[in-house]
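Each residue of the sequence shown is one higher than the one before, counting from 1 in the working numbering.
Reviewing the structure listed below.
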Amino acid sequence: MALPEYAITIGAAETKRMAKNIWNGTFVRGFLLYNNLQVPMRIRYRGGHTRNYPKKSYEMRIGGKTYHFNAEYDDPSMMRNALSFRFFRMIRVPSPTTRHCILRINGRNEGVYLLIEAVNRSFFNRRRIPVRTLVYADNDSANFSRISPETGRRKKSLLEGYRQVIGTSEGRLRLSRFIGRLHQLEGGRLHAHLRRRLDTDNYLRWLAGAVLTGNYDGFDQNYALYEHGRSGKYRIIPWDYEGTWGRNCYGKPCASDLVRITGYNALTETVLSDARLRGEYRDLLARLLDDTFTEERMMPIISSMHDSIRSSILADGSRPWATNVFDGEPEFIRSYIRERRDIVRRALGKL
Numbered sequence: 001m002a003l004p005e006y007a008i009t010i011g012a013a014e015t016k017r018m019a020k021n022i023w024n025g026t027f028v029r030g031f032l033l034y035n036n037l038q039v040p041m042r043i044r045y046r047g048g049h050t051r052n053y054p055k056k057s058y059e060m061r062i063g064g065k066t067y068h069f070n071a072e073y074d075d076p077s078m079m080r081n082a083l084s085f086r087f088f089r090m091i092r093v094p095s096p097t098t099r100h101c102i103l104r105i106n107g108r109n110e111g112v113y114l115l116i117e118a119v120n121r122s123f124f125n126r127r128r129i130p131v132r133t134l135v136y137a138d139n140d141s142a143n144f145s146r147i148s149p150e151t152g153r154r155k156k157s158l159l160e161g162y163r164q165v166i167g168t169s170e171g172r173l174r175l176s177r178f179i180g181r182l183h184q185l186e187g188g189r190l191h192a193h194l195r196r197r198l199d200t201d202n203y204l205r206w207l208a209g210a211v212l213t214g215n216y217d218g219f220d221q222n223y224a225l226y227e228h229g230r231s232g233k234y235r236i237i238p239w240d241y242e243g244t245w246g247r248n249c250y251g252k253p254c255a256s257d258l259v260r261i262t263g264y265n266a267l268t269e270t271v272l273s274d275a276r277l278r279g280e281y282r283d284l285l286a287r288l289l290d291d292t293f294t295e296e297r298m299m300p301i302i303s304s305m306h307d308s309i310r311s312s313i314l315a316d317g318s319r320p321w322a323t324n325v326f327d328g329e330p331e332f333i334r335s336y337i338r339e340r341r342d343i344v345r346r347a348l349g350k351l
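This is how it looks when you write it as structure tokens:
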């Protein structure tokens, strides 16, 4: 199947400027060819350790819209982000849409990319979700704890690790108070605070998704947290799920029991300390093992996605993975699903 193509042009001076600013987030100007028109846009590199790779990822902005072009360099299947977000939508957690495509820069075919929807104002508008505040969890300080994972000392701010994208200073204050009260309240008052300020159904579904897909890095970073405009409750959205389905964020195989069934971070610990919420989580996992996180449901999706990109992947000389590795990925993921199901089902009895 032929993948859609996106062609951009960047002038020589801007290309040099971009190359000198790999790490500082500087945008340069260029054009996107669309319907035989050159549309002005801005572009910059994106990602963490992947900025050191020969095939880089990009963030493009056109008007008020943002587009993420991920190289998925560490994922031999090039499906893990797309598959994970698809799975989250299946379990009713709003997640970015994705699309595999070909990216051309200044006439050069850069190979296969994954176009990922940005989580911003447009994301919520498309879904008719009212939003007051949105923050990104940029690093592992976004763990809902008072203690910094870097220093082992008390944080100067409870909002360390977060970057506000939508909202006001009052929104930051509300989030800080929400986190602070997780550590100030106890017993019934704490659980009442959770029910009043956290969409617990959304949180438990997100937790189940992170646990089942095996995203070890997704609890203390790589998520978006937003304050719902009407209810005032916090909800969570997954982000960056390349290190999942049996491989870590560098593409290396990892044990199917890497992520414990109770997940991580201080908010998760508090949520699961509530007997009723813990029971709801146990029941949710059991249902997902019965009807969603199964080979019967997931393998047709995996096979279809794999088939749709195979010819383009084989023609992409920028990929570091051998053809036989790519071709073996559906069965690799099948084995992960099978093993993960057994691990989670056994752990349910102790939850």
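C-beta atoms are modelled at their ideal positions from N, C-alpha and C, and glycine is treated no differently.
Since the model is a prediction, treat every value here as computed from it, not as a measurement.
Quiz item: Just reading off the beta strand (DSSP E) that MET41 is part of, what are its end residues?
Solution: Residue mapping note: residue 41 aligns to position 41 of the sequence shown, counting from 1. It spans 37 to 46 - the beta strand (DSSP E) in which MET41 sits, taken as one unbroken run.
Exercise. From the DSSP output, read off the bridge partner residues of GLY251.
Key: Position 251 of the sequence shown, counting from 1, holds the residue named residue 251. None; GLY251 has no bridge partner.
Exercise. For TRP245, count neighbouring Cβ atoms within 10 angstroms of its own Cβ and tell me buried if that reaches 16, exposed if not.
Key: In the sequence shown, counting from the first residue as 1, residue 245 sits at position 245. TRP245 is buried by the Cβ-count criterion.
Quiz item: If you draw a straight line from the C-alpha of LYS65 to the C-alpha of GLU186, how long is it?
Solution: Counted from its first residue, the sequence shown places residue 65 at position 65. Counted from its first residue, the sequence shown places residue 186 at position 186. Each residue's alpha carbon lies about 43 Å from the other.
Quiz prompt | Test item: CB-CB of GLY209 and VAL93 under 7 Å | solution = Sequence index remark: in the sequence shown, residue 209 carries index 209 (1-based). Sequence index remark: in the sequence shown, residue 93 carries index 93 (1-based). Going by beta carbons, GLY209 and VAL93 fall inside the 7 Å limit.
Quiz item: Since PRO330 and ILE302 are thought to touch, with beta carbons under 8 Å apart, how far apart are those beta carbons, to the nearest angstrom?
Solution: Walking along the sequence shown from the start, residue 330 turns up at place 330. Walking along the sequence shown from the start, residue 302 turns up at place 302. Yes, they are in contact, since the Cβ atoms of PRO330 and ILE302 sit about 5 Å apart, within 8 Å.
Quiz prompt | LEU284 versus LEU83 - alpha carbon distance | solution = Along the sequence shown, read from residue 1 onward, the residue named residue 284 stands at position 284. Along the sequence shown, read from residue 1 onward, the residue named residue 83 stands at position 83. Rounded to whole angstroms, the gap between the alpha carbons of LEU284 and LEU83 is 20 Å.
Practice problem: Could you tell me the distance, in whole angstroms, from the CA atom of ILE10 to the CA atom of ASP274? | Solution: Residue 10 sits at position 10 when you count from the first residue of the sequence shown. Residue 274 sits at position 274 when you count from the first residue of the sequence shown. Approximately 54 Å, taken between the alpha carbons.
Quiz item: For TYR281, does the three-state DSSP call read helix, strand or coil?
Solution: Along the sequence shown, read from residue 1 onward, the residue named residue 281 stands at position 281. The answer is helix: DSSP assigns TYR281 an H, G or I state.
Exercise. Look at the Cβ atom of PHE144, then the Cβ atom of ILE179, and state whether they are nearer than 7 Å.
Key: Indexing the sequence shown from 1 puts residue 144 at position 144. Indexing the sequence shown from 1 puts residue 179 at position 179. The answer is yes: Cβ separation under 7 Å.
Self-check item: Cβ separation of TYR241 and THR270, assumed to be a contact under 8 Å, to the nearest whole Å
Solution: Position 241 of the sequence shown, counting from 1, holds the residue named residue 241. Position 270 of the sequence shown, counting from 1, holds the residue named residue 270. Incorrect: roughly 24 Å between the Cβ atoms, too far for contact.
Quiz item: Any idea what DSSP makes of PHE87, helix, strand or coil?
Solution: Reading the sequence shown from its first residue, position 87 is the one you call residue 87. Helix at PHE87.
Exercise. Tell me the start and end of each unbroken beta strand (DSSP E) in the segment 156 to 241 that is at least 3 residues and wholly inside, in chain order.
Key: Fully enclosed beta strand (DSSP E) runs of 3 or longer: 162 to 166, 223 to 228 and 234 to 238.
Self-check item: Buried/exposed call for HIS81, threshold 16 Cβ in 10 Å
Solution: For this step, residue 81 is matched to residue 81 along the sequence shown. The sequence given here has Asn at residue 81, not His. ASN81 comes out buried.
Exercise. Check whether the Cβ atoms of TYR223 and ALA315 lie closer than 7 Å to each other.
Key: Locating residue 223 in the sequence shown gives position 223, counting from the first residue. Locating residue 315 in the sequence shown gives position 315, counting from the first residue. Not in contact: TYR223 and ALA315 (Cβ atoms no closer than 7 Å).
Quiz item: So, helix, strand or coil for GLU150, using DSSP?
Solution: Indexing the sequence shown from 1 puts residue 150 at position 150. Here GLU150 sits in coil by DSSP.
Exercise. Give me the Cα-Cα distance between LYS156 and ARG345, rounded to the nearest whole angstrom.
Key: The residue labelled residue 156 in the question sits at position 156 within the sequence shown. The residue labelled residue 345 in the question sits at position 345 within the sequence shown. So the alpha carbons of these two residues sit roughly 40 Å apart.
Quiz prompt | alpha helix (DSSP H) runs wholly inside the segment 263 to 322, at least 4 long, in chain order | solution = 266 to 272, 275 to 291 and 295 to 314
Quiz item: Pairing CB atoms from the segment 316 to 329 with CB atoms from the segment 113 to 122, are three or more of them under 8 Å?
Solution: Judged by Cβ distances under 8 Å, the segment 316 to 329 makes no contact with the segment 113 to 122, as fewer than three pairs qualify.
Quiz item: Start and end of the beta strand (DSSP E) containing THR66?
Solution: Taking the sequence shown and counting its residues from 1, the one referred to as residue 66 is at position 66. Taken as a continuous stretch (DSSP letters only), the beta strand (DSSP E) holding THR66 covers 65 to 70.
Quiz item: Measuring CA to CA, which of PHE123, ARG338 and TYR113 is closest to MET78?
Solution: Counted from its first residue, the sequence shown places residue 78 at position 78. Out of PHE123, ARG338 and TYR113, TYR113 has the C-alpha closest to the C-alpha of MET78.
Practice problem: Pull up the distance between the alpha-carbon of TRP23 and that of ARG153, whole angstroms please. | Solution: Residue 23 sits at position 23 when you count from the first residue of the sequence shown. Residue 153 sits at position 153 when you count from the first residue of the sequence shown. When only Cα atoms are considered, TRP23 and ARG153 end up about 28 Å apart.
Quiz item: In three-state terms, what does DSSP make of TYR73?
Solution: As a first step, residue 73 must be located in the sequence shown, where it is residue number 73. TYR73: coil per DSSP, three-state reduction.
Practice problem: Say whether the segment 250 to 257 touches the segment 168 to 184, bearing in mind that this needs 3 or more beta-carbon pairs closer than 8 Å, one atom from each stretch. | Solution: Short answer: they don't touch.
Quiz item: What's the gap between the Cα of LYS55 and the Cα of ILE102?
Solution: On the sequence shown, residue 55 is found 55 positions in, with the first residue counted as 1. On the sequence shown, residue 102 is found 102 positions in, with the first residue counted as 1. For LYS55 and ILE102, the distance between alpha carbons rounds to 13 Å.
Quiz item: Distance, Cα to Cα, ALA2 vs MET18?
Solution: Residue numbering aside, residue 2 sits at position 2 when the sequence shown is read from its first letter. Residue numbering aside, residue 18 sits at position 18 when the sequence shown is read from its first letter. Their backbone Cα atoms lie some 30 Å apart in a straight line.
Practice problem: Please look up how many angstroms separate the CB atoms of LEU194 and SER176, rounded, as I've assumed it's under 8 Å. | Solution: Locating residue 194 in the sequence shown gives position 194, counting from the first residue. Locating residue 176 in the sequence shown gives position 176, counting from the first residue. At roughly 16 Å, the Cβ-Cβ gap does not stay under 8 Å, so LEU194 and SER176 are not in contact.
Quiz item: With 16 other CB atoms within 10 Å as the buried threshold, where does ALA142 fall?
Solution: Indexing the sequence shown from 1 puts residue 142 at position 142. ALA142 comes out buried.
Practice problem: Compute the distance between the beta-carbons of ARG44 and PHE27, then report whether it is under 7 Å. | Solution: Here residue 44 refers to the residue found at position 44 when the sequence shown is read from its first residue. Here residue 27 refers to the residue found at position 27 when the sequence shown is read from its first residue. Contact: yes.
Quiz item: Measuring from the CB of SER95, is there a heavy atom of the ligand NAD at a distance below 6 Å?
Solution: Absent from the structure shown: the ligand NAD. Ligands present: none.
Practice problem: Return the chain-ordered ranges of every beta strand (DSSP E) run that is complete within the segment 96 to 123 and spans a minimum of 3 residues. | Solution: 98 to 105 and 108 to 117, all fully within the segment 96 to 123.
Practice problem: Rank TYR34, ASP140, GLY48 and ARG174 by C-alpha distance to the C-alpha of ASP217 and give the top, closest one. | Solution: As a position in the sequence shown, residue 217 is number 217, starting the count at 1. Out of TYR34, ASP140, GLY48 and ARG174, ASP140 has the C-alpha closest to the C-alpha of ASP217.
Quiz item: Considering MET18, what are the terminal residues of the alpha helix (DSSP H) in which it resides?
Solution: Walking along the sequence shown from the start, residue 18 turns up at place 18. Its alpha helix (DSSP H) spans residues 12 to 20.
Self-check item: Pairwise C-alpha distance: GLU14 and LEU33
Solution: In the sequence shown, residue 33 corresponds to position 33, counting from 1. In the sequence shown, residue 14 corresponds to position 14, counting from 1. Approximately 17 Å, taken between the alpha carbons.
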